[in-house]
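Report on the following structure.
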Amino acid sequence: MRSPAERIAFTLNGAAADVHTPPATRLSDLLRDTLGLTGTKIGCNAGDCGACTVLLDGRQVCACLVPAGQVAGRAVTTVEGLAEQGRLSALQQAFADQGAAQCGICTPGMLMAAADLLARNPTPDEPAVLDALGGVLCRCTGYRKIVEAVLSLGRNERLPVDAAPVAGAAVGARLPHPDAEAIVTGAHRFGADALPESAFLTLRAVRSPHPHARFGIGDLAPLHARFPGLVRVLTAADVPGQNLFGIYPTGKDQPALAPGLVRMRGEAVVALVGDAETVAAIRDEDVPITWEVLPPVTFEDARAGLGPDLHAHAPGNVLCRGRVKTGDAEAALVASPHRASVSVETGFVEHAYIEPEAGYARRVGERIEIVACTQTPYMDRDELALILGILQAQVRVIPTATGGGFGGKLDLSVQPLVAIAAWLLGQPVRCVYTRPESMASTTKRHPSRITAEAACDADGKLTAYRFHGDFNTGAYASWGPTVANRVPVHATGPYTIPNVLNTSAALHTTDTPAGAFRGFGVPQAAIAHEALMDMLAERCGLDPLAFRLANAIRPGDATPTGQVLRHAVGMADCLEALAPRWMELRAEAEAFNRAEKGASRRGAGVACMWYGIGNTSMSNPSDMTLGLARDGTLTLYCGAMDIGQGSKTIMAQIAADALGVPVAALRVTTADTDLTRDAGKTSASRQTFVSGNAAKAAGEDLRRRLLALANAGPDARLVPTPGGIVIDDGRRSVIPDLVRLAADPHGDVLVGEGRFDPPTTALDADGRGIPYAAYAFAAQVALVEVDTALGTVRPLRILAAHDVGRAVNPIQVEGQIHGGIAQGLGLALMEEFFPGRNENLHDYLIPTIGDIPPIEVTLVEDPDPLGPFGAKGIGEPALIATAPAILGAVHHATGVRLTRAPATPDRVRAALLAAGAAR
Amino acid sequence: MGSYLRPTSMPEALAALAAGPRIVLAGGTDYYPTRVGRPPEDDLLDITAIGALSGIVESDAGWRIGAAASWTDVIEAPLPPLFDGLKAAAREVGGVQIQNTGTIAGNLCNASPAADGIPNLLALDATVHLASAGGERAVPIAGFVLGNRRTARRGDEMVTAITIPRPRNPARSVFLKLGGRRYLVISIVMVGAVAEFAEDGTIATARLAVGACSAAAVRLPALEAALAGKRPDGALVTEAHLAPLAPIDDVRAPAAYRRDAALTLLRRAVEALR
Chain A
783 MRSPAERIAF TLNGAAADVH TPPATRLSDL LRDTLGLTGT KIGCNAGDCG ACTVLLDGRQ
843 VCACLVPAGQ VAGRAVTTVE GLAEQGRLSA LQQAFADQGA AQCGICTPGM LMAAADLLAR
903 NPTPDEPAVL DALGGVLCRC TGYRKIVEAV LSLGRNERLP VDAAPVAGAA VGARLPHPDA
963 EAIVTGAHRF GADALPESAF LTLRAVRSPH PHARFGIGDL APLHARFPGL VRVLTAADVP
1023 GQNLFGIYPT GKDQPALAPG LVRMRGEAVV ALVGDAETVA AIRDEDVPIT WEVLPPVTFE
1083 DARAGLGPDL HAHAPGNVLC RGRVKTGDAE AALVASPHRA SVSVETGFVE HAYIEPEAGY
1143 ARRVGERIEI VACTQTPYMD RDELALILGI LQAQVRVIPT ATGGGFGGKL DLSVQPLVAI
1203 AAWLLGQPVR CVYTRPESMA STTKRHPSRI TAEAACDADG KLTAYRFHGD FNTGAYASWG
1263 PTVANRVPVH ATGPYTIPNV LNTSAALHTT DTPAGAFRGF GVPQAAIAHE ALMDMLAERC
1323 GLDPLAFRLA NAIRPGDATP TGQVLRHAVG MADCLEALAP RWMELRAEAE AFNRAEKGAS
1383 RRGAGVACMW YGIGNTSMSN PSDMTLGLAR DGTLTLYCGA MDIGQGSKTI MAQIAADALG
1443 VPVAALRVTT ADTDLTRDAG KTSASRQTFV SGNAAKAAGE DLRRRLLALA NAGPDARLVP
1503 TPGGIVIDDG RRSVIPDLVR LAADPHGDVL VGEGRFDPPT TALDADGRGI PYAAYAFAAQ
1563 VALVEVDTAL GTVRPLRILA AHDVGRAVNP IQVEGQIHGG IAQGLGLALM EEFFPGRNEN
1623 LHDYLIPTIG DIPPIEVTLV EDPDPLGPFG AKGIGEPALI ATAPAILGAV HHATGVRLTR
1683 APATPDRVRA ALLAAGAAR
Chain B
1350 MGSYLRPTSM PEALAALAAG PRIVLAGGTD YYPTRVGRPP EDDLLDITAI GALSGIVESD
1410 AGWRIGAAAS WTDVIEAPLP PLFDGLKAAA REVGGVQIQN TGTIAGNLCN ASPAADGIPN
1470 LLALDATVHL ASAGGERAVP IAGFVLGNRR TARRGDEMVT AITIPRPRNP ARSVFLKLGG
1530 RRYLVISIVM VGAVAEFAED GTIATARLAV GACSAAAVRL PALEAALAGK RPDGALVTEA
1590 HLAPLAPIDD VRAPAAYRRD AALTLLRRAV EALR
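Going line by line, the protein sequences match chains A and B. Using my numbering, the first residue of the first sequence is number 783, and each one after it goes up by one. Using my numbering, the first residue of the second sequence is number 1350, and each one after it goes up by one.
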């Protein structure tokens, strides 16, 4: 029972507030649930993430840790209180302009922490900013643009923004995100902020505490009798359609509710549906579940072929294998004068988006509507139709703002549970995951065990590469096949090598499922290939960067799959861009070490990466439409899901330039399966390249239609005006009469349609073929300082050169690079998830604002002939080179090569001691 | 039945505790995180409205840190170098949000093996003041923390203050914390050290304590003895001085690493006392 409600009077955003609430209620719940101020976000309810930061008497506090009773008579300021008379504060404006917000879920907390600082210290230096904002975690931005935004206020400067580019100048403009104002005012609605308009029920899943067990459910009548607010307890028997889902048509193996057997800790067993207080008050142990615990199947078991098969479709617990072969790697390894081998081990990595999964479902007649955070509305729709046993057309997915995804919100989470409940009960049903629930039950990056060998000739030209990677795909298939297929294609790195044999296997275990996470296994493989490049360079007596440059894949070279890359191969350009600073940093590190008397050693490392854009050898089309309404309104119907990476801006910039109007003239309707066409998933770094091409085609198509209507020449200018659009080809100026045209259900009278599916081919048994239509390339350099006595590694600077084809929006490209680097740094140094042991954000560590060093970005723009205005993807490429660059830097600093990631202080120290390199 | 009391006087608070068990709550920074996904349904005693418990007061005898004093209160208080270590710890506890609400007394009563405050309080030779309806008592810090989340506080008692005696000689202090990232991090190992110096610059008395390397932070008497009469020199710290430590393997680090890192931090702490 909760304490009885009391009257609490306080000042809220400058106005008197008077509430009745139990005084032990968290201030965050009071603000959100009672007062409707959902600008204050909840990421953990444990003081670990700072998303709920508000000011209490002018000082930053975590609203999730403050009892409502303590605010009596005091002043609370939330993000909703920052703007004055509808005008953004200078702080909010700086965040909006500078890309300091991406997904926006941490932004209110960041703003409040910064507001506290600036009120006390209007001209803070960087250390003061880091200290003040150190209690708020961000997973998207890499923090640097946040630091720059706060510092810019103290310097009273406004950084450059292209707020309103003219027609034809949108691509390449530093355009703020159209949702930025909603984000910085707290108005942006995430999964937990969207509520059904009518009365709703709340759902809470009871989850398995065991990794592998059978179970039975006893008589539920006593539970219902004890908790009258409990409306329904859903079990596997209640699933109306197929109680199996999964990404691949052949890989549907995960139940929405376990049918008597669980294969992972955190698997949903029953779902309690009732009023919010009741389902929160029921303890798991109150539910009559009897467990028969079975032995787990560990990664080691699966690799050794031990343990029972977890799925009939995966004999020996092998979900699938991947293979790419060219030439004769075995013979070439033996014949080559220089040879190196490496074993790499990595663990589970948690996406740690600051927004836990949340949303609701409502039944509308014979249709179901899902309002939830997601990266992939159309795949959600199709899967939910199967689970409910209804047609796809009966499912509408209306995504909320999504507070970070990184691959983790490509799989279903709350959706099947709320959909089943709402479908059966006829009432809206809502579910918000707790942080531990999110971490225990959702996908992770695949742990890997990699062995790799490479060889080169006496001049340092690579001759052979052999790789095998085992990947722990956990209890269910999820995106395991994607990892198994993508890794062998990429495992050599971006180098020309004539003899290659790359193999992989995805193995089932009773661990948390591993699925999609920014890079699909390629970041793990990159640790191996970059270690080998360093080792071979050393053996040849060559500089590591020079060795890579000599072997970099170039236009006209064939990849290991036999694909000849003709254009847009910017690998060498990236390395050349970094070369001067690389030499400086190497020399700087070596000079530091000569002078250093204590335990610190500095080093610089370089790493390269390449990444195929879009699905591997599989169709992944995007469709976009651009409509013109009778009143001249232009609407881009954009099914590409913006999860903070900025596709809403990117698509509008591309479509506007294709149509030939200022980007400000476009309205964007974002993903809603009833309103927009399928633009695929926000994954595989595909939205800019694939959906961007569709947006471009839609713009061009509408332009053709408009010019035909006015019988205007191809170079005519289009000038949107109130009530219509002026078409001027220099000879005459026409305003077409749109009113006489028939309107479609959206009210549009002319619609441009665009579709793009990257041209690829299937891979044969040896992995030969054209898996991707375009590749991104990058090189990164890390400068680190190692405390050899403690084993701690502190990155001091990261340089990143990325071949993005064309930077459609440089602010966002930089933001993706910063954010990818931060996640790569986490992978290298601190992040490892252990099921059941660190399902929270204080035991599972992601980088804080104090862990990310200054980042120097160089954009290499080698236009891809297939890309929209030359653009390629950047989401995943941003992350992949960081960890190997850092580990290479540790080697340069200490002579010790860490191949177990993350390189935590204890592992670094142990490696130093083993090598006799400790001080 | 969960009830929430927020009295404004000590007698009211002590009467409430005498009537039955209650969780004493100040900053809430340890209470709410243990109840993620659960409604706060415990019987609570919120002590933050009791004026007598706030603030940090200096007297001839020393300093008194009220039970409701926050980490930020410590950071902002005008305190001598004796408290540099405690101030450093205050800046390393959570983020500024936690520092603004979390209390030193709460950190002590929660008695986590990784509590950042406790090694400093051991090094400062603090005394814990407890009150109940039956009276008051004072317990030396080393006798207060009994183990992992276990203290000498009885259910009907609450901590009212922590006092720090004024040192006889000029004193300096240091706090070193090792964690897996820069902010918001639970310590792998931390060291609190206080030294009083004789006029010739040698150490008159030293107190050093290590946290997160045993169920409760402990002082290292053999090391303290070895430092007495010497000038601060990291080389004086030996592995044998770590005998009182009993580190464990956990998700943050293995035991062997903790022991190794403790030795390094102790040496650096002694050097930093120079």
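For glycine and all other residues, C-beta sits at the position ideal for the given N, C-alpha and C.
Simplified DSSP assignment, three categories, for residue i
i	result
Leu1661(A)	helix
Glu1378(A)	coil
Glu1621(A)	coil
Met783(A)	With a pLDDT of 48 at Met783(A), under the threshold of 50, the predicted position of this residue should be treated as unreliable, though the coordinate-derived value follows. Residue state, collapsed to three classes: coil.
Glu778(A)	Summary: the structure shown does not reach residue 778(A), with chain A confined to residues 783 through 1701, and so no result is reported for it.
Arg902(A)	helix
Asn1469(B)	helix
Gly1445(A)	The sequence given here has Val at residue 1445(A), not Gly. Three-state result, Val1445(A): helix.
Leu1576(B)	helix
Glu1643(A)	coil
Ile1432(A)	helix
Leu847(A)	helix
Met1612(A)	coil
Gly1411(B)	strand
Buried versus exposed call for residue i [16 or more other C-beta atoms within 10 Å across all chains shown]
i	result
Arg1623(B)	exposed
Leu1523(A)	exposed
Glu1596(A)	buried
Met783(A)	The predicted model places Met783(A) with a pLDDT of 48, which falls under 50 and marks its position as unreliable; any figure quoted below should be read in that light. Met783(A) should be labelled exposed.
Residue of the options minimising C-alpha distance to residue i
i	options	result
Val1214(A)	Val1153(A), Gly1608(A), Lys1430(A) and Cys1238(A)	Val1153(A)
Leu1043(A)	Gly1000(A), Phe1027(A) and His992(A)	His992(A)
Val948(A)	Leu1115(A), His1674(A), Val858(A) and Val1501(A)	Val1501(A)
Val1534(B)	Ala1463(B), Ala1584(B) and Arg1607(B)	Ala1463(B)
Thr1341(A)	Leu893(A), His959(A), His1120(A) and Thr1108(A)	Thr1108(A)
Leu1457(A)	Leu873(A), Ser871(A), Thr1417(A) and Leu1607(A)	Thr1417(A)
Asp1239(A)	Ile1279(A), Ala1259(A), Thr1233(A) and Pro1077(A)	Ile1279(A)
Ser1465(A)	Arg1121(A), Trp1261(A), Ala1699(A) and Ala854(A)	Trp1261(A)
Gly1505(A)	Pro1518(A), Pro1496(A) and Gly1512(A)	Pro1518(A)
Ala1330(B)	Ala1592(B), Gln1448(B) and Thr1554(B)	No answer is possible for residue 1330(B): the residues shown for chain B start at 1350 and end at 1623.
Leu1170(A)	Ile1509(A), Arg1513(A), Ser1223(A) and Val1021(A)	Val1021(A)
Leu809(A)	Cys846(A), Val1271(A) and Arg1103(A)	Cys846(A)
Leu899(A)	Gly1466(B), Thr1509(B), Asn1449(B) and Ala1365(B)	Asn1449(B)
Residue i and residue j closer than 8 Å at C-beta
i	j	result
Ala1663(A)	Gln1562(A)	yes
Thr984(A)	Asp1057(A)	yes
Pro1527(A)	Met1612(A)	no
Leu746(A)	Ala1050(A)	This structure cannot speak to residue 746(A), because chain A is shown only from 783 to 1701.
Ala1491(B)	Gly1434(B)	no
Pro1553(A)	Thr1343(A)	yes
Pro1570(B)	Ile1552(B)	no
Glu1621(A)	Met1221(A)	yes
Near the ligand SAH: residue i beta-carbon under 7 Å from a heavy atom
i	result
Arg1163(A)	Of ligands this structure carries none, so the ligand SAH is not represented either.
Just by C-beta distance, which residues in the stretch 1446 to 1464 of chain B are closer than 8 Å to chain A? Residues Gln1446, Ile1447, Asn1449 and Thr1450.
May I ask you to list, following chain order, the residues of the stretch 844 to 873 of chain A that have a beta carbon less than 7 Å from some beta carbon of chain B? Those residues of the stretch 844 to 873 of chain A placed with their C-beta closer than 7 Å to a C-beta in chain B are Cys844, Cys846, Leu847, Val848, Pro849, Gly851 and Gln852, ordered along the chain.
Pull out every residue of the stretch 1549 to 1563 of chain B whose Cβ sits closer than 7 Å to any Cβ of chain A, in chain order. Of all residues in the stretch 1549 to 1563 of chain B, none has a Cβ within less than 7 Å of some Cβ in chain A.
Which residues of the stretch 1048 to 1061 of chain A have a Cβ closer than 9 Å to any Cβ of chain B? Give them in chain order. Of all residues in the stretch 1048 to 1061 of chain A, those with a C-beta nearer than 9 Å to a C-beta of chain B are Glu1059, reading in chain order.
Residues in the stretch 1608 to 1619 of chain B having any Cβ partner in chain A nearer than 7 Å: Within the stretch 1608 to 1619 of chain B, the residues whose Cβ lies closer than 7 Å to any Cβ of chain A are, in chain order, Asp1609, Ala1610 and Thr1613.
Against chain B: residues of the stretch 1380 to 1401 of chain A by CB proximity under 7 Å: Result list empty, no residue passes.
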